[in-house]
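Asker: My structure is below; once you've seen it, I'll send some questions.
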Ligand SMILES: C[S@@+](CC[C@H](N)C(=O)[O-])C[C@H]1O[C@@H](n2cnc3c(N)ncnc32)[C@H](O)[C@@H]1O
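Numbering (the working numbering), first residue to last: 6 to 218.
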């Protein structure tokens, strides 16, 4: 699938990609070889910047996959801050667990295995930052739970809102019609949420950034 920028722009930006530690590079390689969708390097770098700016004490991630973004987030969290991350695929969770152990950040990361739609209603304490990166058909319901769990002044960061450019394209390939419809419907909700200041940024696959009023 194409990206949301022209290939020349992607190539130009990529020259500024920082060398990551070997585990991060290994996970990027694993994701590429096994077709695991992970946050683009550019979105991950932006998310790290947001975390450094707001210094969240409690982070919730919905959609761990192999823990690529989880570990990148945990690495920039300050001492005593934590990330809770939810993954429903048992297979992904096994690899995520291994990577978390390798990262040496076990104390900062709490991996919860199961469907976020069942786990989120059981969570009691609120979060300073929520990163939503799960199945697109669940986005609306996961977003509703996120709004309950997000503190006032907290930040929500949502991936894939331009959906490979398809959100803004008339001719959508047949196999992407349903997912594109979900993203378009979600974007309307996200941009018109009364208790959220929201924007969609053309970074990676399109990042939604919202601040709860
Ligand atoms: C795009 S990947 C996450 C990538 C990861 N955030 C990263 O950037 O490294 C989405 C993951 O969310 C998981 N997922 C999708 N819907 C979910 C749900 N309702 N509850 C928990 N996990 C879910 C999928 O199994 C998949 O591993």
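Glycine residues also receive a C-beta, built at the ideal position from the N, C-alpha and C atoms.
What's the call for residue 108, buried or exposed, on a 16-neighbour Cβ count within 10 Å?
Answerer: For the purposes of this step, residue 108 is identified with residue 103 of the chain shown, where counting begins at 1. Looking at its Cβ environment, which holds 16 or more other Cβ atoms inside 10 Å, residue 108 is buried.
Asker: Looking at C-alpha atoms only, which residue of 18, 90, 204, 183 is the closest neighbour of residue 122?
Answerer: Translated into the one-based positions of the chain shown, residue 122 becomes position 117. Ranking the options by Cα distance to residue 122, first place goes to 90.
Asker: Does the Cβ of residue 75 have 16 or more other Cβ atoms within 10 Å, making it buried, or fewer, making it exposed?
Answerer: Here residue 75 corresponds to residue number 70 of the chain shown, with the count starting at 1. Buried is the call here.
Asker: CA-CA distance, residue 15 and residue 137?
Answerer: Mapped onto the chain shown, residue 15 falls at position 10. Mapped onto the chain shown, residue 137 falls at position 132. Their backbone Cα atoms lie some 24 Å apart in a straight line.
Asker: Go ahead and pull the three-state DSSP assignment for residue 74.
Answerer: The sequence position of residue 74 within the chain shown is 69, counting from 1. The answer is helix: DSSP assigns residue 74 an H, G or I state.
Asker: Any heavy atom of ligand 1 closer than 7 Å to the Cβ of residue 173?
Answerer: Here the question's residue 173 lines up with position 168 in the chain shown. No, since every heavy atom of ligand 1 falls outside the 7 Å radius drawn around the Cβ of residue 173.
Asker: Can you name, in chain order, every residue of its own chain whose Cβ lies under 8 Å from the Cβ of residue 64, other than the five neighbours on each side?
Answerer: Within the chain shown, numbered from 1, the residue matching residue 64 stands at position 59. So the list reads 56, 78, 82, 86, 87, 88, 89, 132, 133, 134, 135, 136, once near-sequence residues are dropped.
Asker: The beta strand (DSSP E) with residue 19 in it runs from where to where?
Answerer: The count along the chain shown starts at 1 and reaches residue 19 at position 14. Not the beta strand (DSSP E): residue 19 falls in the alpha helix (DSSP H), residues 12-19.
Asker: Could you have a look at residue 67 and say whether DSSP puts it in helix, strand or coil?
Answerer: For the purposes of this step, residue 67 is taken as residue 62 along the chain shown, with counting starting at 1. Residue state, collapsed to three classes: strand.
Asker: Would you say the beta carbon of residue 152 comes nearer than 7 Å to a heavy atom of ligand 1?
Answerer: Taking the chain shown and counting its residues from 1, one reaches residue 152 at position 147. Flag unset: Cβ of residue 152 not near ligand 1.
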